[in-house]
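Student:
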Amino acid sequence: MNRSEVSNGIVSPPITPTTPTTTIDSRFECNVCRKLFKKKSGLTRHLNIVKKYNISRSDLDILPENTIQQFKSILVHYIRKKLPRSYKQLGKQTVSVPATESQFYAVFKNHIHYYSARRGFYKCMFRGVSANQILANILDMQEWAVKFYEQQQRTYIVLCDDANIGSDDENPILRATKKCKSKYKRGQLVVEWKQQKNIDFNGNLTQAGHIYFHFFNSQAMIQ
Numbered sequence: 138m139n140r141s142e143v144s145n146g147i148v149s150p151p152i153t154p155t156t157p158t159t160t161i162d163s164r165f166e167c168n169v170c171r172k173l174f175k176k177k178s179g180l181t182r183h184l185n186i187v188k189k190y191n192i193s194r195s196d197l198d199i200l201p202e203n204t205i206q207q208f209k210s211i212l213v214h215y216i217r218k219k220l221p222r223s224y225k226q227l228g229k230q231t232v233s234v235p236a237t238e239s240q241f242y243a244v245f246k247n248h249i250h251y252y253s254a255r256r257g258f259y260k261c262m263f264r265g266v267s268a269n270q271i272l273a274n275i276l277d278m279q280e281w282a283v284k285f286y287e288q289q290q291r292t293y294i295v296l297c298d299d300a301n302i303g304s305d306d307e308n309p310i311l312r313a314t315k316k317c318k319s320k321y322k323r324g325q326l327v328v329e330w331k332q333q334k335n336i337d338f339n340g341n342l343t344q345a346g347h348i349y350f351h352f353f354n355s356q357a358m359i360q
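Start counting the sequence shown at 138; every next residue gets the next number (our numbering).
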């Protein structure tokens with residue numbers, strides 16, 4: 138299997154990828170990673186490579202279903218901790234949770250958009266009106282991305298592009314956040330798995346994998 142680095146769409150092996158695509162000025166776009174191709178055949182090759190990286194691998198452990206469910210609950214717990222009541226804590230957020238590669242794969246298989254075997258790195262991207270329900274299905278909790286407070290206030294994860302920056306975001310901290318350059322865009326949630334390594338003077342090596350969630354939060358009144 139070719140293990141070069143790729144970006145991808147959402148697939149469900151062994152079913153043919155169903156990632157929506159868009160034609161832009163005679164070019165073809167993957168609506169998940171937004172990569173453009175001059176020909177439809179290029180996009181087809183892109184999705185075919187993606188499919189390979191979402192097929193279960195024999196070198197990863199098969200985890201018991203109850204273990205996977207417990208780990209999903211842990212992920213949701215730490216995500217929701219980044220949905221505070223204070224407007225001073227709104228904007229770009231990063232959640233880091235220790236996890237083995239097998240734990241990551243058990244939760245996010247079929248939704249891996251980028252993979253590098255050499256770097257030990259995975260990436261998933263979620264955006265748009267369907268992203269909330271897709272992640273609710275993955276994490277097995279409908280309200281994983283929102284936290285409710287008194288006085289009809291809620292803090293939530295922004296999963297759609299903000300063409301309309303108005304009532305939800307009228308505070309100077311959030312406006313300043315929008316001006317900051319970041320490889321993570323407002324309106325999408327990016328999930329990454331990386332292997333961290335540490336070596337001391339005597340050559341003693343330790344390593345641990347982590348799942349990272351990158352997203353923007355905001356606030357609104359309950360309608």
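Cβ coordinates follow ideal geometry from the N, Cα and C atoms, glycine included. Since this is a predicted model, take the numbers as computed values, not measurements.
(1) Am I right that ILE192 and GLN289 are in contact with their C-beta atoms under 8 angstroms? What's the rounded C-beta distance?
(2) Would you kindly report the start and end of the unbroken beta strand (DSSP E) that includes ASN354?
(3) Leaving out five residues on either side along the sequence, give the residues of the same chain with a beta carbon under 7 angstroms from the beta carbon of LYS219.
(4) Report, in whole angstroms, the separation of the C-beta atoms of GLY346 and LYS331, which I expect to be a contact under 8 angstroms.
(5) What residue ranges within the stretch 241–311 form continuous beta strand (DSSP E) runs of no fewer than 3 residues, ordered along the chain?
(6) May I have the straight-line CA-CA distance separating GLN356 from LYS320, to the nearest angstrom?
(7) Express the C-alpha separation of GLY257 and ASN185 in angstroms, rounding to a whole number.
(8) Am I right that ILE294 and PHE352 are in contact with their C-beta atoms under 8 angstroms? What's the rounded C-beta distance?
(9) Have a look at ASP337 and THR343 and give me their C-alpha separation to the nearest angstrom.
(10) Which two residues bound the contiguous beta strand (DSSP E) that contains GLN230?
(11) Determine the direct distance from the alpha carbon of TYR286 to that of TYR349, and round the result to whole angstroms.
(12) Thinking C-alpha only, which one of GLN240, LEU227, ARG291 is nearest PRO201?
(13) Note down the Cα distance separating ARG222 from PHE208, rounded to an integer number of angstroms.
(14) Alpha carbon to alpha carbon, how far is ILE275 from ARG164?
(15) Checking 8 angstroms against the spacing of the C-beta atoms, do VAL213 and TRP281 come in under that value?
(16) Using 10 angstroms around the beta-carbon of VAL266, count the other beta-carbons present and answer buried if the total reaches 16, otherwise exposed.
(17) Which residues in the same chain have their Cβ closer than 6 angstroms to the Cβ of TYR449, if we skip the five residues on either side of it in sequence?
(18) With a threshold of 7 angstroms on Cβ separation, who are the neighbours of GLY340 within its own chain once the five nearest residues in sequence on each side are excluded?
(19) Could you tell me which of PHE174, LEU173, LEU227, THR237 sits nearest to ASP196, measuring between CA atoms?
(20) Would you kindly work out how many angstroms separate the C-alpha atoms of ILE216 and VAL187, rounded to a whole number?
Tutor: From the atom records:
(1) As a first step, residue 192 is located in the sequence shown; it is residue number 55 there, counting from the start. As a first step, residue 289 is located in the sequence shown; it is residue number 152 there, counting from the start. Not quite, the Cβ-Cβ distance comes to about 46 angstroms (not below 8 angstroms), so this is no contact.
(2) Taking the sequence shown and counting its residues from 1, the one referred to as residue 354 is at position 217. Its beta strand (DSSP E) spans residues 342–358.
(3) Taking the sequence shown and counting its residues from 1, one reaches residue 219 at position 82. Excluding sequence neighbours, LYS219 sits near GLN230, VAL232, ASN354.
(4) The residue given as residue 346 occupies position 209 in the sequence shown. The residue given as residue 331 occupies position 194 in the sequence shown. Indeed, because the Cβ distance is near 7 angstroms, the residues count as touching under 8 angstroms.
(5) 251–253, 258–264, 283–286, 290–294
(6) In the sequence shown, counting from the first residue as 1, residue 356 sits at position 219. In the sequence shown, counting from the first residue as 1, residue 320 sits at position 183. Using only the alpha carbons, I get a separation of about 23 angstroms.
(7) As a working note, residue 185 is residue 48 in the sequence shown. As a working note, residue 257 is residue 120 in the sequence shown. Near 21 angstroms, if we compare the C-alpha coordinates of GLY257 and ASN185.
(8) Position 157 of the sequence shown holds residue 294. Position 215 of the sequence shown holds residue 352. Yes, they are in contact, since the Cβ atoms of ILE294 and PHE352 sit about 5 angstroms apart, within 8 angstroms.
(9) Working through the sequence shown from its first residue, we reach residue 337 at position 200. Working through the sequence shown from its first residue, we reach residue 343 at position 206. Going by the C-alpha atoms only, they are around 9 angstroms apart.
(10) Along the sequence shown, read from residue 1 onward, the residue named residue 230 stands at position 93. First-last of the beta strand (DSSP E) with GLN230: 228–235.
(11) Along the sequence shown, one-based indexing puts residue 349 at 212. Along the sequence shown, one-based indexing puts residue 286 at 149. Taking the straight line joining both Cα atoms gives about 26 angstroms.
(12) Position 64 of the sequence shown holds residue 201. Per the Cα distances, GLN240.
(13) Locating residue 222 in the sequence shown gives position 85, counting from the first residue. Locating residue 208 in the sequence shown gives position 71, counting from the first residue. The alpha-carbon atoms of ARG222 and PHE208 are separated by roughly 25 angstroms.
(14) Against the sequence shown, residue 275 aligns to sequence position 138. Against the sequence shown, residue 164 aligns to sequence position 27. Distance between the alpha carbons of ILE275 and ARG164 is about 31 angstroms.
(15) To locate residue 213, count along the sequence shown from 1; it is residue 76. To locate residue 281, count along the sequence shown from 1; it is residue 144. In contact: VAL213 and TRP281 (Cβ atoms closer than 8 angstroms).
(16) Counted from its first residue, the sequence shown places residue 266 at position 129. With fewer than 16 other Cβ atoms within 10 Å, it is exposed.
(17) For residue 449 there is no data in the structure shown, the boundaries of the chain being 138 and 360.
(18) Locating residue 340 in the sequence shown gives position 203, counting from the first residue. Hits under 7 angstroms: none found.
(19) Taking the sequence shown and counting its residues from 1, the one referred to as residue 196 is at position 59. ASP196 has its Cα closest to that of THR237, out of PHE174, LEU173, LEU227, THR237.
(20) Position 79 of the sequence shown holds residue 216. Position 50 of the sequence shown holds residue 187. C-alpha separation (whole angstroms): 27 angstroms.
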